[in-house]
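Enquirer: One structure, pasted below without further comment.
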């Protein structure tokens with residue numbers, strides 16, 4: 246099948262670029278040093294390539310992601326790096342022989358983990374991002390409570406998400422060091438092997454964590470691209486020009502097929518004016534007029550929520566469609 | 246089933262508010278005066294209520310929406326208010342006895358309509374929003390071309406989308422009048438019965454169009470709420486507080502379950518700090534501390550792309566879940 250035969254909008258993944266990104270990361274962080282985050286692609290076919298590259302543990306953000314990974318035979322060591330209050334679905338996976346570890350940061354989430362049949366937890370520590378995670382000084386006593394409740398505590402996690410897009414690599418390294426100092430202190434109180442942290446923005450500078458939870462590196466977006474990392478943009482949204490006016494043209498890719506939360510998408514050689522539900526209005530930089538029917542690859546600014554809007558990823562090699570991958574981890578039910 | 250038993254995040258529709266919105270609009274624009282736009286809810290169960298209120302024609306934004314409406318038995322008069330270049334899927338619906346009309350604004354889209362087996366079109370006219378639509382002066386000759394190609398031309402459409410959120414109703418009316426002057430001029434050149442335009446923002450002031458394509462009025466969002474219209478917010482995203490810190494709390498509703506393109510969501514009595522993929526960080530206005538496990542209803546700023554992130558709408562009456570409605574029109578394949 247050819248790319249031009251696809252119904253637009255359609256999510257494309259360029260195989261060679263994906264391969265470059267996966268191999269570059271696996272060389273930098275081999276095996277257990279990387280715990281790929283599946284929330285960035287929500288696709289077990291893609292996770293299987295990461296597994297084949299030697300990464301046996303994965304990070305998930307939702308119960309649904311954990312279930313889909315287990316169902317795909319990738320349940321050797323799944324970390325739900327998020328707090329949940331009803332863990333019964335996770336408990337059923339544990340009973341079926343999958344290894345599932347869940348993040349906890351309060352007495353309530355510890356109780357919920359035990360009640361639902363989860364046996365292993367990590368203590369989620371706040372290292373500067375105002376989101377989940379206990380205060381570093383509280384981590385030890387939460388670990389004690391978890392052990393008293395019968396849970397096994399594998400260690401700590403702490404996501405320095407507020408530092409991912411710090412432009413200067415030196416500043417990113419320094420601030421990551423300060424964040425990880427707090428995580429290491431918590432780790433000393435908690436015990437266990439795991440010190441899980443990081444993401445695509447800090448994978449190269451976070452030398453303190455035992456494992457890095459990077460996800461975006463596989464597909465990449467224009468926000469991360471600006472950091473000058475060795476990964477390239479593998480993901481685009483294919484659209485067709487459906488209307489041409491003297492000063493602008495319209496492609497059938499809009500905010501229902503890519504997310505604007507990190508800003509407008511990019512089109513090579515063009516200026517993007519705005520996006521509406523099903524359309525992006527743009528003009529060309531050199532003043533040439535696109536033709537109705539032209540195929541355009543629109544580059545999203547944020548990969549994760551863009552993928553979540555689609556049910557299919559098309560793996561392509563230039564103009565050839567190689568494979569059709571279901572986005573089988575989206576949703577919550 | 247109770248709301249508290251739902252897996253979060255979950256999309257809730259409050260039945261009484263939905264009923265109020267539907268009935269208020271049907272009283273203002275009865276029968277054929279309203280052609281409800283299904284892109285705002287992507288749910289045939291909800292469209293069926295609009296149909297039962299006397300609206301037999303519907304507006305769609307995608308081929309998938311047209312197909313799902315036809316499959317649901319709501320294919321009496323479906324207008325695809327968007328340009329498409331491969332109309333074969335629409336042609337098959339026409340062959341099966343559904344009435345499908347498609348918007349055209351160029352020789353290419355006219356040719357595509359005829360090639361795919363669509364028999365009826367409207368001429369899409371640009372009335373000020375830099376998006377699709379031909380120049381008003383070109384509408385007549387496009388209609389001639391369409392008729393020469395064997396198509397029946399039902400009239401014109403022109404969406405004054407740039408005026409939907411003009412705050413002052415008087416200004417909105419005046420500017421809508423100027424936009425519709427152009428559409429009426431095009432209509433005189435084109436012929437046909439239909440003058441299709443408008444939306445929730447201009448339904449009360451657009452007295453020139455023969456039918457209004459409003460969609461958001463059914464569920465509503467915080468952006469439209471600011472206009473002081475008689476519709477209320479029926480849609481919310483249910484979340485649970487999963488983490489509480491001294492200065493903020495975190496609910497498990499993020500930018501994968503609501504769209505940020507019109508800005509941050511709202512939480513009653515709270516200040517929203519920011520959203521990340523699966524989380525919203527907020528603080529309460531009165532300084533009370535939420536408890537882990539508290540249920541929160543988060544109000545999205547833009548209903549259309551929020552619905553597109555979910556596979557299910559739960560119709561509720563307060564704490565009772567009444568019905569589970571599939572969001573069966575999303576996607577493009």
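Residue numbers (the numbering used here), protein chains in the order written: chain A, 246 to 578; chain B, 246 to 578.
For each residue, glycine too, the CB sits at the ideal point set by N, CA and C.
Give, in chain order, every residue of the region 371-385 of chain A whose Cβ lies closer than 9 Å to some Cβ of chain E.
Expert: Absent from the structure: chain E. Protein chains present are A and B.
Enquirer: Going along the region 488-502 of chain A in order, which residues come within less than 9 Å of chain B, judged by CB to CB distance?
Expert: Residues passing the 9 Å Cβ filter: 488, 489, 490, 491, 492, 493, 495, 497, 499, 500, 501, 502.
Enquirer: Contact criterion: CB-CB distance below 8 Å. Does residue 458 of chain B meet it with respect to chain A?
Expert: no
Enquirer: Three or more C-beta pairs closer than 8 Å, one from the region 459-477 of chain B and one from the region 490-500 of chain B: is that the case here?
Expert: Because the criterion of three Cβ pairs below 8 Å is not met, the region 459-477 of chain B and the region 490-500 of chain B do not touch.
Enquirer: Name the chain A residues that come within less than 9 Å of residue 545 of chain B, Cβ to Cβ?
Expert: Chain A residues near residue 545 of chain B: none, gap ~13 Å exceeds 9 Å.
Enquirer: Does residue 577 of chain B come within less than 8 Å of chain A when only Cβ atoms are used?
Expert: At least one chain A Cβ lies under 8 Å of residue 577 of chain B.
Enquirer: So what does DSSP say about residue 434 of chain B, is it helix, strand or coil?
Expert: Reduced to three states, the DSSP call for residue 434 of chain B is helix.
Enquirer: In whole angstroms, what separates the C-alpha of residue 504 of chain B from that of residue 278 of chain A?
Expert: 34 Å
Enquirer: Of the residues B/560, B/520, B/367, which one's Cα is nearest the Cα of residue 262 of chain B?
Expert: That would be B/560, whose Cα lies nearest to the Cα of residue 262 of chain B.
Enquirer: Which residue spans inside the region 371-409 of chain A form an unbroken alpha helix (DSSP H) run of at least 4?
Expert: 384-393
Enquirer: Cutting at 6 Å between CB atoms, please list the residues of its own chain near residue 462 of chain B, excluding the five before and the five after it.
Expert: 266, 270, 445, 476
Enquirer: At a CB-CB cut-off below 8 Å, which residues of chain A make contact with residue 526 of chain B?
Expert: 375, 376
Enquirer: Can you say whether residue 393 of chain B is buried or exposed, counting buried as having 16 or more other CB atoms within 10 angstroms of its CB?
Expert: exposed
Enquirer: Report the option in A/540, A/417, A/575, A/574 whose CA atom is closest to the CA atom of residue 257 of chain A.
Expert: A/540
Enquirer: Determine the extent of the beta strand (DSSP E) in which residue 484 of chain B is found, giving its start and end residues.
Expert: 480-489
Enquirer: Enumerate in chain order the residues of its own chain whose CB-to-CB distance from residue 459 of chain A is below 8 Å, with the five nearest sequence positions on each side excluded.
Expert: 270, 274, 279, 281, 282, 443, 444, 445, 448
Enquirer: Within 8 Å (strictly less), CB to CB, does residue 539 of chain A reach chain B?
Expert: Chain B contact via Cβ: absent.
Enquirer: Compute the distance between the beta-carbons of residue 362 of chain A and residue 399 of chain A, then report whether it is under 8 Å.
Expert: Taking 8 Å as the Cβ cut-off, residue 362 of chain A and residue 399 of chain A do not qualify as a contacting pair.
Enquirer: For residue 526 of chain A, count neighbouring C-beta atoms within 10 Å of its own C-beta (all shown protein chains included) and say buried if the count is 16 or more, exposed if not.
Expert: buried
Enquirer: What is the DSSP secondary structure of residue 462 of chain B, counted as helix, strand or coil?
Expert: Assignment of residue 462 of chain B by DSSP, reduced to helix, strand and coil, places it in the helix class.
Enquirer: Anyone know if the C-beta pair for residue 422 of chain A and residue 372 of chain A falls short of 8 Å?
Expert: One thing to note: residue 422 of chain A has its Cβ no nearer than 8 Å to the Cβ of residue 372 of chain A.
Enquirer: Which whole-angstrom value describes the C-beta separation of residue 288 of chain B and residue 465 of chain B, a residue pair presumed to lie in contact below a C-beta threshold of 8 Å?
Expert: So it is not a contact: roughly 15 Å between Cβ atoms.
Enquirer: Starting from the beta carbon of residue 252 of chain B, find every residue of chain A whose beta carbon is closer than 9 Å, and list them in chain order.
Expert: 308, 309, 331, 334, 577, 578
Enquirer: When the Cα atoms are used, what is the spatial distance from residue 378 of chain B to residue 431 of chain B?
Expert: C-alpha separation (whole angstroms): 11 Å.
Enquirer: Quick one: list the residues of chain B neighbouring residue 319 of chain A, beta-carbon separation under 9 Å, in chain order.
Expert: Result: empty, since nearest Cβ-Cβ is about 20 Å, beyond 9 Å.
Enquirer: Just checking my contact of residue 344 of chain B with residue 319 of chain B at CB under 8 Å: how many whole Å lie between their CB atoms?
Expert: That belief does not hold up - the Cβ atoms of residue 344 of chain B and residue 319 of chain B are roughly 11 Å apart, past 8 Å.
Enquirer: Compute the Euclidean distance between the alpha carbons of residue 409 of chain A and residue 417 of chain A, then round it to the nearest angstrom.
Expert: Separation of residue 409 of chain A and residue 417 of chain A (C-alpha to C-alpha, rounded to the nearest whole angstrom) is 8 Å.
Enquirer: For residue 453 of chain A and chain B, any beta-carbon pair shorter than 8 Å?
Expert: no
Enquirer: Note down, in chain order, every chain B residue with its Cβ under 7 Å from the Cβ of residue 284 of chain A.
Expert: 522
Enquirer: Using only the alpha-carbon positions, how far apart do residue 513 of chain A and residue 533 of chain A sit?
Expert: Near 13 Å, if we compare the C-alpha coordinates of residue 533 of chain A and residue 513 of chain A.
Enquirer: Would you give the residue range spanned by the beta strand (DSSP E) that residue 335 of chain B belongs to?
Expert: Unbroken run through residue 335 of chain B is the alpha helix (DSSP H), 333-340; no beta strand (DSSP E).
Enquirer: When the Cα atoms are used, what is the spatial distance from residue 348 of chain A to residue 388 of chain A?
Expert: When only Cα atoms are considered, residue 348 of chain A and residue 388 of chain A end up about 11 Å apart.
Enquirer: Excluding sequence positions up to five away, which residues of its chain have a Cβ less than 8 Å from the Cβ of residue 411 of chain B?
Expert: Once the five neighbours on either side are set aside, the close Cβ partners of residue 411 of chain B are 417, 420, 446.
Enquirer: Going by C-alpha distance, which of B/305, B/578, B/313, B/299 is nearest residue 522 of chain A?
Expert: B/305
Enquirer: What does residue 553 of chain B reach in chain A if we use C-beta pairs closer than 7 Å?
Expert: 501, 554
Enquirer: Excluding the five sequence neighbours on either side, which residues of its own chain have a C-beta within less than 8 Å of the C-beta of residue 436 of chain B, listed in chain order?
Expert: 388, 398, 400
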